[in-house]
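Below you'll find the structure, written out as structure tokens, and then a few comments.
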Amino acid sequence: MFLAQGYDFQPGFVFDHLPALAHGLLRTLAISAIGMAGALVVGLVLGALSALRVPVVRQVIRCYVEVFRNTPLLVQIFFLYFALPDIGLQLSGFTVGWLSLLLWGGAYTVENFRAGFEAVEHGYVEACRALGFSRLSAFRQTNVPLGWRIALPSVTNILISVFKNSSFMIAISYPELTETAIGIVAVSFRVFELFAAIGIVYLGLVWLMSLGTQAVERRFAIPGGH
Amino acid sequence: MKAKLGMIVAAAALLLAACGGTDAADQGKPAGKPVDVGAPLPANVQQKGKLAVGVKCDYPPFGYIDEAGENAGFEIDVAHRLAAYAFGDPGAVELTCVTGSNRVPFLTTNRIDLIMATMNYTPERAETIDFTSPYFAGGVKMLVPADSSVRGWDDLSGKQVITIKGSTASLWLTQCMPDVEQVQFEQTSEAVTALAQDRAVAFAQDDTLLVDLASKNKATKVVGEVRADSPWGMGVRKGDTATKAWVDAAIKKLQDEDLFWKAFQESVSDKATQQQFEKVIPRPGNELSYPTGSIIEC
Amino acid sequence: MPLWVGPVASYVAQGLWTTLLLALVSIVASVLLGTVLGTLLTLPQLWVRAVVRAYVEIWRGLPIIITLFFIFFVLPVLGIEVDTFLAAAIGLALWGSANVAEVVRGAVQSVPRGQSEAAAALGFPWQRRMRHVILPQATRRALPPLVGLVVNLTQQTSLAAVIGLLDVLEASQRSIERLTLAGGETHAVPILGAVLVVFFVICLPLTILSRRLERVLQ
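Residue numbers (the working numbering), protein chains in the order written: chain Z, 352 to 577; chain A, 1425 to 1722; chain G, -3 to 214.
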């Protein structure tokens, strides 16, 4: 080919290592799935509490959000795995995998859901209150069902980022897809074939996820806009 | 407007002067002359004006970062001596930190021209790169907590063992003990920390590094029979005969002048350790050679 | 102050300098390139939109780590040699520009069509419509998410440590490496904690700015 230095390009090489790469992909999907689901739940619950303006809770949530949004995920991962044991809390690679993604993703989804809940037209809420519903009940009946749909596009964006950020686990050598590929490169030196292959896998999965989220957004879009 | 322009020009001039200033300070050192080692310096190296070497930064006492943030160690010393032969200036060397997993890609992508990074010779590695003459030798052993019940390699069966990606220990375990679950890290400190946190029963790596780690950390000890014992070689790109010829000749010259032993004594102050490894240092009358056949004997 | 703090602090400070420089270069490149691309995405010509869309989807869809490895290890195989800082800057700029393009496209397209049509009806040619009507309003809408992207990019510079760039994270890791191998305490908690604090101190004001901009400009 046009490759320099006589690089011996072997496309079939990737298939020799398919089992290891498949295991890596499974781990990627596992920590991503738990991280995404967790971030979703955390976002809904804490976002609601935040929008309800519960006194002390709101400040605590605000602290959590600001810390995890203003520091790099890579450093958070290092800290969780290598530094926490020094103060007695030792977590496995798998746990740090999904936990770090959950905490990072959650910080963003909390803000997105909070904004969504607060963006609901106040008229709906007032109407609900006028009918005699309590503040909490009105919130549950109007802000929540409408708010989460408003927040949906930005939330799905973050969830896809959570999936891509699973590759950060190379920091703690957790054998997800990227780390597995790097390990194979370490003994075979086939950088091009391996990185091209996992690049295609990531792009393909992100594309599938985008299709999925677009379908979900269409299904749950508020008719006529909000 | 004119005042602003004037300030910018003045600032630029100051900046240039500062940059120029450091060059002038370097030129204060007396420049030696290149030494003829018996083979010509390759043209691409001559053009660069310095030797681009990949070294370890996490492997004391061979390659590590000292308190001042500078590269230090036995291999770094040798690199400086090679630069002195090549250009007459020990400082004419560009040291890049590499790891067991990226040293070969760094070489094949021209980021470095020479690997001197505690690399054992294996026939498999020799398929992708060319090895120079050997300059050290070592095998792999295990580092375990001082109170561990692990005595030999068989005790690792079915357990988790820490290795460094791309290292000889990792290759040996993959081939000879596939039931061992390898927890692979990039850096020595990550491996050491993980062992201290009991994330595995042992850390398998070169005996030279483990001896150094155990001497500094009394809570650990080195166990096991040495495996995959093989000489270390420097690595050049496949087919780069000019660099190989020059480095081989330089290694011979260093050996004849007993400079390897001198550098080793400076890096390893402990007399007992010096004695332990004396037979694998190239000295006048002490030749090292590569074995034929596979290194990985199970 | 304990003995180990001095050397570590000065080494990490060097790394911080590299981080800030990398962040600056990546942000400028991303904003410039991304604005151009984002505007191209609003053009009527299908083939222009398709090409830019492909660029955006690829560099947004790939994990940045893969992009960095590709540029660092694979480009030289194809004959293009780049040093570590440049490789990191290019990788971050590819991701950054793709995201900025999306933000700019969204901002331009969110300006109500009525504005553009009214301007056209008043005789404004396309260029002057963009300059006086669309772009000012689009900029107002783009600014809050753009500031958020700037914060994000600043944090993503830490990824350059995976290709060995001596940034603040790599410097702190090498310090921890050195301390660990010297056989004493690793001091991982204070060192990594300090890195977190440094990023927090740099990013928090920007995040607050973004929030304030959002309130003011809506």
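In this text, a Cβ means the ideal position worked out from N, Cα and C, and glycines have one as well.
Since the structure is predicted, the reported quantities are computational estimates derived from the model, not experimental observations.
Inset, instruction - Using a Cβ cut-off of 7 Å, pull out every chain A residue sitting near PRO436 of chain Z, in sequence order please. - result: Locating residue 436 of chain Z in the first sequence gives position 85, where the first residue counts as 1. Within chain A, the residues near PRO436 of chain Z are GLN1621.
Legend entry - Pair within 8 Å by beta-carbon distance, VAL506 of chain Z and ASN463 of chain Z: Within the first sequence, residue 506 of chain Z is the residue found at index 155, counting from 1. Within the first sequence, residue 463 of chain Z is the residue found at index 112, counting from 1. Their beta carbons are under 8 Å apart, which means VAL506 of chain Z touches ASN463 of chain Z by this criterion.
Legend entry - Beta carbon proximity, VAL471 of chain Z to chain G, threshold 8 Å: Your numbering for residue 471 of chain Z matches position 120 in the first sequence. By this cut-off, VAL471 of chain Z is not an interface position.
Inset, instruction - Measure the CB-CB distance between MET1542 of chain A and TYR1488 of chain A and report whether it falls below 8 Å. - result: For the purposes of this step, residue 1542 of chain A is identified with residue 118 of the second sequence, where counting begins at 1. For the purposes of this step, residue 1488 of chain A is identified with residue 64 of the second sequence, where counting begins at 1. In the sequence as displayed, the identity of residue 1542 of chain A is Thr instead of Met. Not in contact: THR1542 of chain A and TYR1488 of chain A (Cβ atoms no closer than 8 Å).
Legend entry - Three-state class that DSSP yields for LYS1457 of chain A in the structure shown: If you number the second sequence from 1, residue 1457 of chain A lands on position 33. Three-state DSSP puts LYS1457 of chain A in coil, outside helix and strand.
Inset, instruction - Find the nearest neighbour of VAL392 of chain Z within the set Z:TRP455, Z:PRO423, Z:ASP367, judged by alpha-carbon distance. - result: Against the first sequence, residue 392 of chain Z aligns to sequence position 41. The residue with the shortest Cα to Cα distance from VAL392 of chain Z is Z:TRP455.
Inset, instruction - With GLY1563 of chain A as the anchor, note down where its beta strand (DSSP E) starts and where it stops. - result: Residue numbering aside, residue 1563 of chain A sits at position 139 when the second sequence is read from its first letter. 1553 to 1569 is the extent of the beta strand (DSSP E) around GLY1563 of chain A.
Legend entry - Continuous alpha helix (DSSP H) assignments of at least 4 residues falling wholly in the segment 1610 to 1688 of chain A: 1612 to 1620, 1631 to 1640, 1665 to 1680
Legend entry - Assigned secondary structure, ALA1507 of chain A (DSSP; H/G/I helix, E/B strand, else coil): If you number the second sequence from 1, residue 1507 of chain A lands on position 83. It is helical.
Legend entry - Nearest-angstrom Cα separation, counted from ASN421 of chain Z out to VAL99 of chain G: Counted from its first residue, the third sequence places residue 99 of chain G at position 103. Counted from its first residue, the first sequence places residue 421 of chain Z at position 70. When rounded, the distance between both Cα atoms is 20 Å.
Legend entry - Helix, strand or coil at CYS1397 of chain A [DSSP, three-state]: Nothing can be reported for residue 1397 of chain A: it is not among the residues displayed for chain A, which extend from 1425 to 1722.
Legend entry - Under the three-state DSSP convention, the category GLU527 of chain Z falls into: Sequence index remark: in the first sequence, residue 527 of chain Z carries index 176 (1-based). DSSP places GLU527 of chain Z in coil when its eight states are reduced to three.
Inset, instruction - Indicate whether at least one CB of chain G lies closer than 8 Å to the CB of GLY1445 of chain A. - result: Mapped onto the second sequence, residue 1445 of chain A falls at position 21. Residue confidence is low: GLY1445 of chain A scores 37 on pLDDT, short of 50, so the model does not pin down where it sits. No coordinate-derived value is stated.
Inset, instruction - Anything in chain Z within Cβ reach of THR1592 of chain A, meaning under 8 Å, just list it in chain order. - result: Within the second sequence, numbered from 1, the residue matching residue 1592 of chain A stands at position 168. Simply none; closest approach about 11 Å.
Legend entry - Segments assigned alpha helix (DSSP H), at least 4 residues, entirely inside the segment 1 to 86 of chain G: 1 to 36, 42 to 57, 60 to 65
Legend entry - ARG378 of chain Z burial status per 10 Å Cβ neighbour count (16 or more: buried): As a position in the first sequence, residue 378 of chain Z is number 27, starting the count at 1. Label assigned to ARG378 of chain Z: buried.
Legend entry - Secondary structure, alpha helix (DSSP H): runs of 4+ residues fully inside the segment 453 to 530 of chain Z: 473 to 481, 486 to 489, 495 to 515
Legend entry - Exposed unless 16 or more other CB atoms sit within 10 angstroms - verdict on ALA1449 of chain A: Translated into positions along the second sequence, residue 1449 of chain A becomes position 25. Its pLDDT being 39, under 50, ALA1449 of chain A is placed unreliably in this model, and the coordinates cannot settle the point.
Legend entry - Segment contact, 8 Å Cβ cut-off, at least three pairs: the segment 48 to 67 of chain G with the segment 91 to 110 of chain G: yes
Legend entry - Which of helix, strand or coil DSSP assigns to ALA167 of chain G: Locating residue 167 of chain G in the third sequence gives position 171, counting from the first residue. Correct three-state label for ALA167 of chain G: helix.
Inset, instruction - May I ask which residues mark the beginning and end of the beta strand (DSSP E) holding LEU1519 of chain A? - result: Against the second sequence, residue 1519 of chain A aligns to sequence position 95. Start and end: 1517 to 1522.
Inset, instruction - Give me the Cβ distance between ARG101 of chain G and THR38 of chain G, rounded to the nearest whole Å; I'm assuming they're in contact under 8 Å. - result: Counted from its first residue, the third sequence places residue 101 of chain G at position 105. Counted from its first residue, the third sequence places residue 38 of chain G at position 42. About 6 Å separates the two Cβ atoms, so the contact holds.
Legend entry - Sequence-distant residues of its chain with Cβ nearer than 8 Å to LYS1703 of chain A (five each side left out): On the second sequence, residue 1703 of chain A is found 279 positions in, with the first residue counted as 1. ASN1710, listed in sequence order.
Inset, instruction - Compare the C-beta of ASN421 of chain Z against all C-beta atoms of chain G and say whether one is closer than 8 Å. - result: As a position in the first sequence, residue 421 of chain Z is number 70, starting the count at 1. At least one chain G Cβ lies under 8 Å of ASN421 of chain Z.
Inset, instruction - Could you spell out the range, first to last residue, of the beta strand (DSSP E) harbouring VAL1585 of chain A? - result: Within the second sequence, the letter at position 161 stands for residue 1585 of chain A. Unbroken beta strand (DSSP E) run through VAL1585 of chain A: 1584 to 1588.
Inset, instruction - Just grab the DSSP bridge partners of ARG1707 of chain A for me. - result: Looking up residue 1707 of chain A in the second sequence gives position 283. Answer is A:ASN1710.
Inset, instruction - To the nearest angstrom, report how far apart ILE67 of chain G and LEU559 of chain Z are at their CA atoms. - result: Numbered from its first residue, the third sequence carries residue 67 of chain G at position 71. Numbered from its first residue, the first sequence carries residue 559 of chain Z at position 208. The alpha-carbon atoms of ILE67 of chain G and LEU559 of chain Z are separated by roughly 25 Å.
Inset, instruction - Report yes or no: do the segment 1571 to 1587 of chain A and the segment 1597 to 1605 of chain A share at least 3 C-beta pairs separated by less than 8 Å? - result: yes
Inset, instruction - Count the other C-beta atoms from every protein chain shown that fall within 10 angstroms of the C-beta of ILE511 of chain Z, then say buried if there are 16 or more, exposed otherwise. - result: The residue given as residue 511 of chain Z occupies position 160 in the first sequence. Buried is the call here.
Inset, instruction - Check the Cβ-Cβ distances between PRO59 of chain G and every residue of chain Z, and say whether any is below 8 Å. - result: Residue numbering aside, residue 59 of chain G sits at position 63 when the third sequence is read from its first letter. Closer than 8 Å: yes.
Legend entry - Proximal residues of chain A, C-beta to C-beta of VAL73 of chain G below 7 Å: Position 77 of the third sequence, counted from the first residue, corresponds to residue 73 of chain G. Correct list: THR1533.
Inset, instruction - Could you name the residues of the segment 1587 to 1613 of chain A whose beta carbon sits closer than 8 Å to any beta carbon of chain G, in the order they occur along the chain? - result: GLN1611, THR1612, SER1613
Inset, instruction - Work out the CA separation of TYR432 of chain Z and ALA532 of chain Z for me, nearest whole Å. - result: As a working mapping, residue 532 of chain Z is identified with position 181 in the first sequence. As a working mapping, residue 432 of chain Z is identified with position 81 in the first sequence. Answer to the nearest angstrom: the Cα atoms are 21 Å apart.
Inset, instruction - With DSSP as the reference, label GLN441 of chain Z as helix, strand or coil. - result: The residue given as residue 441 of chain Z occupies position 90 in the first sequence. Correct three-state label for GLN441 of chain Z: coil.
Legend entry - Interface positions of the segment 1513 to 1542 of chain A facing chain Z (Cβ-Cβ less than 7 Å), listed along the chain: GLY1524, SER1525, VAL1528, PRO1529, THR1532
Inset, instruction - Give me the Cα-Cα distance between CYS414 of chain Z and LEU155 of chain G, rounded to the nearest whole angstrom. - result: As a first step, residue 414 of chain Z is located in the first sequence; it is residue number 63 there, counting from the start. As a first step, residue 155 of chain G is located in the third sequence; it is residue number 159 there, counting from the start. Rounded to the nearest angstrom, the two C-alpha atoms are 25 Å apart.
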